[in-house]
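Novice:
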Amino acid sequence: MGRELRRLRNAKGMGQSQAARIAETSHQTIGRIEEGQTTRITSLQVNALCDSYGATDEERRICLDLVKEIRASREGKVTASWWRAYADAQDSGFDHYLALEDAASRMTVWKTTILPGLLQTPAYRRTMGWAERPEMPSEQLERRIEWQSRRQERLKDPNFHITALLYEAVLHERVGGTSVYAEQLEQLVTLSELPNLCIRVVPFDSSSHLGAYVGSFMLLEFPDLISGLAQPPIIYVEGWTGDLYLEREAELRRYFQALREITRVALSEAESVALIKTVSHMDVLAFASFLNPVSVAASVRKAR
């Protein structure tokens, strides 16, 4: 609903402050509504905004149907926004992403450096937390580990499907040293057995593809609403100083093209698991000093 109201407002050339006066609320509330954050809004307010935005009858119907959808969701979802209890352990604004992840029915993630949070072991996450924020108090870091574990409960949801496309370098990042590294690779193998999780690796010796240029990103797709209205997908790009949420059709087309290219050069699921097992069983020190990593993926192919 927030995206639709923002689209209508922008098409009218109206600012958030003016929209707030029409809806008899604050411009901060209009901002929260448009960002999809939990905010109370009535059908009367939506009708008033649609009047001012010059919405068509169909656009008004969609917005009002979405108000009903929000109410139904709040009444039927007692665990909504569980992550807010861990606000002290999250970066500012990350709760917006968590709300999208919780609502998604399908996630496709491309990672070039570190593993997706949903696949990380507590020890891996702890090491990354220390690297990111050396000054972070131990209590806060452990809270992060706790909510990360709670977040991973989503992997048990049969209606949630995730495809993790990993550049092979991710498998060779010895985060936390040998024991943490080995445990993490073992967990990847275990998780790969889940029916709703697909792990595919893009090997070092793959042909050129767009994934090398766009960097890490995530595609979130959502189920149709009760009304039958299709929810548009979102591309999420995590940044060091801020995150991007891309939803324009032109932007989505480019990222869908990148995903097709990445998928084209990725190993199959079976080949990917074989590669992970090969890496995990190697003598890590010998690998780091002597072995050419290009040969690992090649050996997996030959062993098919």
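Taken in order, the sequence shown gives residues 956 to 1259; the numbers are from this note's numbering. The beta-carbon is built from N, C-alpha and C at its ideal position, and this holds for glycine as well. All of these numbers come straight from a predicted model, not from anything done at the bench.
Going by beta carbon distance, what residues of the same chain come within less than 6 Å of R987, once the five residues before and after it are set aside?
Specialist: T994
Novice: Are there 16 or more other CB atoms within 10 angstroms of the CB of L1152, so buried, or fewer, so exposed?
Specialist: So L1152 ends up on the buried side.
Novice: Please list, in chain order, all residues of the same chain as S1156 whose beta carbon is under 6 Å from its beta carbon, the five residues on each side excluded.
Specialist: The sequence shown places Val at residue 1156, not Ser. So the qualifying residues of the chain are L1121, E1123, L1222, S1227, L1230.
Novice: Pick from P1178, L1140, S1147: whose alpha carbon is nearest that of M1237?
Specialist: L1140
Novice: Mind pulling the beta strand (DSSP E) runs of 3 or more residues that sit fully within the region 1121 to 1206?
Specialist: 1152 to 1157, 1172 to 1176, 1189 to 1192, 1199 to 1201
Novice: Here's a check: name, in chain order, each residue in its chain whose Cβ is nearer than 6 Å to the Cβ of L1201, leaving out the five neighbours to either side.
Specialist: I1190
Novice: Candidates S1235, L1070, E1204, G968: which alpha carbon is nearest S1134's?
Specialist: S1235
Novice: Looking only at its own chain, which residues have a Cβ that is under 6 Å from the Cβ of R1080, when we skip the five neighbours before and after it?
Specialist: I1100, Q1103
Novice: At the level of alpha carbons, what is the spacing between T1118 and Q973?
Specialist: A direct Cα-to-Cα measurement between T1118 and Q973 gives close to 42 Å.
Novice: Quick one: grab the DSSP three-state call for D1238.
Specialist: A caution first: D1238 carries a pLDDT of 47, below 50, which makes its placement in the model unreliable, though a value can still be read off. Looking at D1238 - three-state DSSP - the assignment turns out to be coil, as it is neither helix nor strand.
Novice: Using 8 Å for Cβ pairs, my map puts G957 next to G991. What's the rounded Cβ distance?
Specialist: 4 Å
Novice: Look at the alpha carbon of W1037 and the alpha carbon of G1048, and state the distance between them as a whole number of angstroms.
Specialist: 15 Å
Novice: Suppose contacts are defined by Cβ-Cβ distances below 8 Å. Is L1110 in contact with L1073 by that definition?
Specialist: yes
Novice: What do you get for P1158, buried or exposed, if any count of 16 or more other CB atoms within 10 angstroms of its CB means buried?
Specialist: buried
Novice: Return the residue from the list L1199, L1096, L1180, E1206 that minimises the CA-CA distance to C1018.
Specialist: L1180
Novice: Using the Cα positions of V1220 and W1065, report the straight-line distance between them to the nearest angstrom.
Specialist: 13 Å
Novice: In this structure, how does DSSP classify T993 when only helix, strand and coil are distinguished?
Specialist: If DSSP states are grouped into helix, strand and coil, T993 belongs with coil.
Novice: Taking the beta strand (DSSP E) that L1083 falls in, what are its first and last residues?
Specialist: In the sequence as displayed, the identity of residue 1083 is Met instead of Leu. Premise fails: M1083 lies in the alpha helix (DSSP H), 1077 to 1087, not in any beta strand (DSSP E).
Novice: With a cut-off of 8 Å on the beta carbons, I'd call R1213 and G1166 a contact; round off their distance for me.
Specialist: According to the sequence displayed, residue 1213 carries Ala and not Arg. Right, the Cβ-Cβ distance comes to about 6 Å (below 8 Å), so this counts as a contact.
Novice: Around the Cβ of Q1000, are there at least 16 other Cβ atoms within 10 angstroms (buried) or fewer (exposed)?
Specialist: buried
Novice: Considering only C-alpha positions, which residue in the set A1185, T1218, R1208, D1198 is nearest to L1021?
Specialist: A1185
Novice: What residues match up with M1062 in a beta bridge as DSSP calls it?
Specialist: I1117, L1175
Novice: Could you pull the start and end residues of the alpha helix (DSSP H) that R964 belongs to?
Specialist: 957 to 967
Novice: So for S1007, helix, strand or coil by DSSP?
Specialist: helix
Novice: As a quick exercise: from S1161, R1209, E1128, Y1136, pick the residue whose alpha carbon is nearest that of F1172.
Specialist: R1209
Novice: Go to L1222, then tell me how far its alpha helix (DSSP H) extends in each direction, as first and last residue.
Specialist: From DSSP, L1222 is part of no alpha helix (DSSP H); its letter is neither H nor E.
Novice: Count the other CB atoms, across all protein chains shown, that sit within 10 Å of the CB of V1033; report buried if there are 16 or more and exposed otherwise.
Specialist: Its pLDDT being 43, under 50, V1033 is placed unreliably in this model, and the value from its coordinates should be taken loosely. With fewer than 16 other Cβ atoms within 10 Å, it is exposed.
Novice: Quick one: Cα of R962 to Cα of H1127, how far?
Specialist: 44 Å
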